[in-house]
Amino acid sequence: MNKKIIALYLVTILCLISSVSMTIAWYVGNSNLYIRDFVISLNADKEIKIGTDEENFYEEIPSENINEVGAFIPVSSMYSSKWTNEHKDTPEFRQSYSSLSSESSQDSGLARSGFYSQEFYLYSESNLIATIADETSIVPNIEKNVATAKRIASSHPEYSQAEVTKHLNGIVDSLRISILIPDEEIYGYYIIDPNKKDDEVTYFVGRLDNNADGYYDTSKGQERIFGEYENSELDKVVYTDVLTQDSDLYNTNEKASSFNAKSKKGTKAVDWEKTLENGFNRTIENSLTVSEAQSAIQIPIIGLKPQKVVISVYIEGWDLDNTDITKLGSFYTNIKFKVVR
Numbered sequence: 005m006n007k008k009i010i011a012l013y014l015v016t017i018l019c020l021i022s023s024v025s026m027t028i029a030w031y032v033g034n035s036n037l038y039i040r041d042f043v044i045s046l047n048a049d050k051e052i053k054i055g056t057d058e059e060n061f062y063e064e065i066p067s068e069n070i071n072e073v074g075a076f077i078p079v080s081s082m083y084s085s086k087w088t089n090e091h092k093d094t095p096e097f098r099q100s101y102s103s104l105s106s107e108s109s110q111d112s113g114l115a116r117s118g119f120y121s122q123e124f125y126l127y128s129e130s131n132l133i134a135t136i137a138d139e140t141s142i143v144p145n146i147e148k149n150v151a152t153a154k155r156i157a158s159s160h161p162e163y164s165q166a167e168v169t170k171h172l173n174g175i176v177d178s179l180r181i182s183i184l185i186p187d188e189e190i191y192g193y194y195i196i197d198p199n200k201k202d203d204e205v206t207y208f209v210g211r212l213d214n215n216a217d218g219y220y221d222t223s224k225g226q227e228r229i230f231g232e233y234e235n236s237e238l239d240k241v242v243y244t245d246v247l248t249q250d251s252d253l254y255n256t257n258e259k260a261s262s263f264n265a266k267s268k269k270g271t272k273a274v275d276w277e278k279t280l281e282n283g284f285n286r287t288i289e290n291s292l293t294v295s296e297a298q299s300a301i302q303i304p305i306i307g308l309k310p311q312k313v314v315i316s317v318y319i320e321g322w323d324l325d326n327t328d329i330t331k332l333g334s335f336y337t338n339i340k341f342k343v344v345r
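The numbering of the sequence shown is the working numbering, which starts it at 5 and goes up by one.
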């Protein structure tokens with residue numbers, strides 16, 4: 005069977021404007037990560053054209069046709085069923101809980117910025133089926149990350165320069181690519197985690213330290229659970245007695261973060277192990293490796309009819325690899341579509 009390659013080459017380079025003094029994550033709402041360069045080069049076999057509208061198609065899309073991103077700020081794909089069930093034609097991402105003015109512990113509301121998302125149209129004069137190619141990847145920009153590590157190492161005396169570089173390169177572990185096919189007959193939304201490990205799971209639920217005071221958030225004297233879950237699940241939460249002293253960090257082997265905090269004296273802490281044993285259902289991110297995406301994503305391109313797809317790149321806020329140090333990292337994203345006639 006003949007195969008042709010549509011190469012969508014997305015190069016994203018991020019750099020730090022200011023340094024930070026502690027390791028925190030999504031829900032503190034820091035936006036100190038800014039785009040320096042954002043370049044997309046779209047190349048295709050001469051039989052295939054690509055465009056950002058339904059009228060103009062290119063073998064390589066001019067850079068001025070590519071959307072700009074002011075800053076990458078962690079968001080989340082949680083509650084995606086709310087909009088995919090309605091077959092909406094643009095993806096929706098959720099903002100951080102620290103952006104809220106309400107007391108909601110569940111749906112944090114729509115993020116309006118902080119991610120890349122743009123629609124493209126695949127065009128051919130003949131019928132084709134497209135899927136993701138093996139070359140799809142998100143990789144660190146090692147040269148820039150080494151330079152950044154030299155610049156910020158003094159702000160992180162707890163780490164060696166080599167360790168800072170390792171954290172910067174780790175930006176790729178919390179990045180995602182998503183592809184939406186907003187066609188009623190073949191509607192589908194796919195999240196690709198190119199660096200997903202075999203046993204890795206990202207949960208869309210948990211306790212959080214939103215204001216970075218070192219303690220999990222509480223309400224009415226007991227710890228709160230944030231994220232995507234059914235209200236009925238709260239009946240399964242098991243709490244401790246009122247604490248007579250502060251607890252240690254939940255994970256004493258890790259740095260403090262919005263995910264890893266202490267339980268405060270005078271409150272009832274969530275006993276997470278007993279809560280899970282009691283049947284609490286944690287919503288899981290439905291992400292795919294590149295090989296899994298190749299089987300799941302089948303995009304028909306009907307000859308002479310543009311096929312719309314929406315491609316997004318974002319930092320998944322619930323990914324535990326997401327910290328302020330990793331968010332200073334630079335990276336490249338390479339997306340390729342393999343087309344099978």
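Backbone N, C-alpha and C define an ideal beta-carbon position, used for all residues, glycine too. Since the model is a prediction, treat every value here as computed from it, not as a measurement.
Beta-ladder partner(s) of residue i, from DSSP
i, result
"Ala134", "Ile303, Val343"
"Phe263", "Per DSSP, none; premise fails for Phe263."
"Gln165", "Its beta-bridge partners do not exist; DSSP assigns none."
"Arg180", "Tyr318"
"Glu227", "Thr222"
"Ile288", "Tyr207"
"Leu308", "For Leu308, which the question treats as bridged, DSSP gives no partner whatsoever."
"Arg98", "Ser80, Leu114"
"Gly192", "Ile185"
"Tyr62", "Ile54"
"Ser141", "Asn338"
Neighbourhood of residue i by C-beta distance below 7 Å, restricted to the same chain and skipping five residues each side
i, result
"Ala115", "Val79, Phe97, Arg98, Gln99"
"Leu308", "Glu129"
"Ala297", "Ile136, Tyr194, Ile196"
"Ala300", "Tyr194, Leu292"
"Asn145", "Ile17, Ser334, Phe335, Tyr336"
"Val242", "Asp275, Lys278, Thr279, Asn282"
"Asp138", "Val294"
"Gly192", "Ile185"
"Val143", "Val176, Phe335, Tyr336"
"Tyr83", "Arg98, Asp111, Glu232"
"Ile306", "Asn131"
"Lys269", "Leu247, Thr248, Gln249, Asp250"
Coil, strand or helix - residue i by DSSP
i, result
"Ile175", "helix"
"Leu238", "helix"
"Ala216", "coil"
"Ile327", "Reading the sequence as shown, one finds Thr at residue 327 and not Ile. It is coil, neither helix nor strand."
"Ser81", "coil"
"Asn36", "Here the model assigns Asn36 a pLDDT of 37, short of 50, so the residue's position is not dependable, and the following value carries that caveat. Looking at Asn36 - three-state DSSP - the assignment turns out to be coil, as it is neither helix nor strand."
"Val313", "strand"
"Gly333", "coil"
"Ala297", "helix"
"Asn69", "helix"
"Lys53", "strand"
"Ser355", "Any property of residue 355 remains undetermined from this structure, which presents the chain solely from 5 to 345."
Unbroken beta strand (DSSP E) run spanning residue i, endpoints
i, result
"Ala151", "Ala151 -> not in any beta strand (DSSP E); alpha helix (DSSP H) instead, spanning 146-156."
"Lys268", "That residue, Lys268, is in no beta strand (DSSP E); it is neither H nor E in DSSP."
"Lys200", "Where Lys200 is concerned, there is no enclosing beta strand (DSSP E), given that its DSSP letter is neither H nor E."
Own chain residues within Cβ distance below 6 Å of residue i, not counting five before or after
i, result
"Phe284", "Glu237, Lys240"
"Gln165", "Ala153, Ala157"
"Ser35", "Reliability fails at Ser35, whose pLDDT of 35 lies under 50, so the model's placement of it is uncertain and no value is given."
"Trp322", "Ser80, Thr206, Phe208"
"Pro310", "Glu58, Tyr125, Tyr127"
"Thr169", "Asn149, Val150, Ala153"
Delimiting residues of the alpha helix (DSSP H) encompassing residue i
i, result
"Leu280", "276-281"
"Ser128", "Looking at the DSSP string, Ser128 is not in any alpha helix (DSSP H); the run it does join, the beta strand (DSSP E), is 120-128."
"Thr244", "Taken as a continuous stretch (DSSP letters only), Thr244 belongs to no alpha helix (DSSP H), being part of the beta strand (DSSP E) at 243-246."
"Lys86", "85-88"
Neighbourhood of residue i by C-beta, 8 Å cutoff - its chain only, sequence neighbours within 5 removed
i, result
"Ile288", "Val205, Thr206, Tyr207, Phe208"
"Asp221", "Arg211, Leu212, Asp213, Asn214, Asn215, Glu227, Arg228, Phe230"
"Asp325", "Gly174, Asp177, Ser178"
"Leu253", "Ala260, Asn264, Ala265, Lys266"
Below-8 Å beta-carbon distance, residue i vs any chain C residue
i, result
"Asn282", "Chain labels in this structure do not include chain C; a single protein chain is all it has."
Worksheet entry | Segment contact flag, the region 149-160 with the region 59-67, C-beta cutoff 8 Å, min 3 pairs | The region 149-160 vs the region 59-67: no contact.
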